[in-house]
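Participant: Per my numbering, the very first residue in the sequence shown carries number 1016; after that it's consecutive. Just so it is clear, CB atoms sit at the ideal spot from N, CA and C, and this is done for glycine as well.
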Amino acid sequence: MARIFITGSVDGLGLAAARALLADGHMVVVHGRNRARLGAARELLSQGALAVVGDLADLAQARDLADQVNALGRMDAVIHNAGVFTGAAILPVNVIAPYVLTALMERPRRLVYLSSEMHYDGRPDLGGMAWDGSRESGSYSDSKLFVTALSAAVAHRWPDVISHAVDPGWVPTRMGGPDAPDDLSLGHVTQAWLAATDDPAALRSGGYWHHQQRREPHPAAHDEAFQARLLDALHGATGVALR
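1) DSSP state of His1041, grouped into three classes?
2) Which residue wins for smallest C-alpha separation from Gln1228, given the options Leu1246, His1179, Ala1252 and Ser1024?
3) Mapping the DSSP letters down to three states, classify Ala1256 as helix, strand or coil.
4) What residues are listed by DSSP as bridge partners for Gln1228?
5) Classify Asp1070: buried if its beta carbon has 16 or more other beta carbons within 10 angstroms, exposed otherwise.
6) So, at 8 Å on beta carbons, what are the nonlocal neighbours of Arg1050 in its own chain, with the 5 sequence-adjacent residues on each side left out?
7) Could you check which residue in Ser1156, Leu1126, Ala1252 and Ser1158 has the C-alpha nearest to that of Gly1222?
8) Within its chain, find whatever has a CB closer than 6 Å to the CB of Arg1008; leave out the 5 residues flanking it on each side and keep chain order.
9) Determine contact between the segment 1098 to 1105 and the segment 1060 to 1067, defined as no fewer than three beta-carbon pairs at a distance below 8 Å.
The structure is reproduced here in structure tokens:
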């Protein structure tokens, strides 16, 4: 039985991953933006899931969320699932929060970051980014390139941790919209699998995955110079260093 924390897990793909992992006998920690949102996860809580709360758009709450999870004990895996598609919160939620949680939580054995096929359209340009969400700056595609590079940077710097990024497909969730063309039933499978499987392919860190197949990400994701610039920018924006 693994201990697995999933951000943004009261609806959409996070909820589906939590259900699947609970059904497989794992201990799951779900996360909601506030206590009212946890009502959507009552089914999971009744089955033994634990819950933590925090608004990932707020740096102080992201830091507090790391403390809440650490108080529960070291996780075996973390799925950084939470994300937003539009608005000024794109960078705080999609990039800053995964970075802060990665840096401040006790190191798990595995880390899984939700990326997107749209990361290929991202720009490896860190200039002018409002990391605090004070204004709209980076696009969704930019944010997904940054988090894919973060995943690869963690794989490079932490050889004792298995770190992967996942494109779940464009699926009809609340964020993806009702007309999304991909299969919703497959949207959570790869990240749940990576969090718990003993398949040798999944134990080789540094992958970018789509439907349980490794793919080549944007070239910037594995560019160590870009990774270093990104980590420096995130450290400067948060005051939190990735050791």
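Facilitator: So, to answer that:
1) Within the sequence shown, the letter at position 26 stands for residue 1041. In the three-state reduction of the DSSP assignment, His1041 falls in the coil class.
2) Working through the sequence shown from its first residue, we reach residue 1228 at position 213. Nearest C-alpha to Gln1228: His1179.
3) In the sequence shown, residue 1256 corresponds to position 241, counting from 1. Ala1256 falls in the coil class under three-state DSSP.
4) Indexing the sequence shown from 1 puts residue 1228 at position 213. Answer is His1225, bridged to Gln1228.
5) For the purposes of this step, residue 1070 is identified with residue 55 of the sequence shown, where counting begins at 1. By the neighbour-count rule (16 or more Cβ atoms within 10 Å), Asp1070 is buried.
6) Along the sequence shown, one-based indexing puts residue 1050 at 35. The beta carbon of Arg1050 is closer than 8 Å to those of Val1068 in its chain, skipping five residues each way along the sequence.
7) Indexing the sequence shown from 1 puts residue 1222 at position 207. Comparing Cα positions, the closest option is Leu1126.
8) The chain is shown only over 1016 to 1258; residue 1008 falls outside these bounds and no answer can be derived.
9) The answer is no - the segment 1060 to 1067 does not touch the segment 1098 to 1105, with fewer than three Cβ pairs under 8 Å.
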